[in-house]
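Report on the following structure.
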Amino acid sequence: TSLPLVRSGDRVVRGQPIALIGMTGVVTGPHTHWEMKLAGRIVDPLTF
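Take 20 as the starting number for the sequence shown in the working numbering and just add one per residue.
Given below as structure tokens:
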């Protein structure tokens with residue numbers, strides 16, 4: 020299960036939780052997949 024805490028287009032700050040995650044299916048632990056886009060292009064979030 021998962022619960023998004025922000026929506027597309029929301030501004031977030033470093034350290035701000037963006038979602039709550041759980042375990043579903045066949046997984047070894049809770050995890051999430053996400054991407055960050057700037058002007059429609061995928062960017063490396065570590066540069067921010």
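Heads up, the beta-carbon is just placed ideally off N, CA and C, and yes, glycines get one too. From a predicted model like this one, the values you see are computed outputs, not experimental measurements.
In the DSSP secondary-structure assignment, ILE40 is bridged to SER21. In this structure, SER21 places its C-beta atom within 9 Å of the C-beta atom of ILE40. In the DSSP assignment, VAL62 falls within the unbroken beta strand (DSSP E) covering 60-62. Per DSSP, LEU57 is one residue of the beta strand (DSSP E) stretching across 55-57. Minimum Cα-Cα distance from MET55 among the listed residues LEU24, THR66, GLY34 and VAL46 corresponds to THR66.
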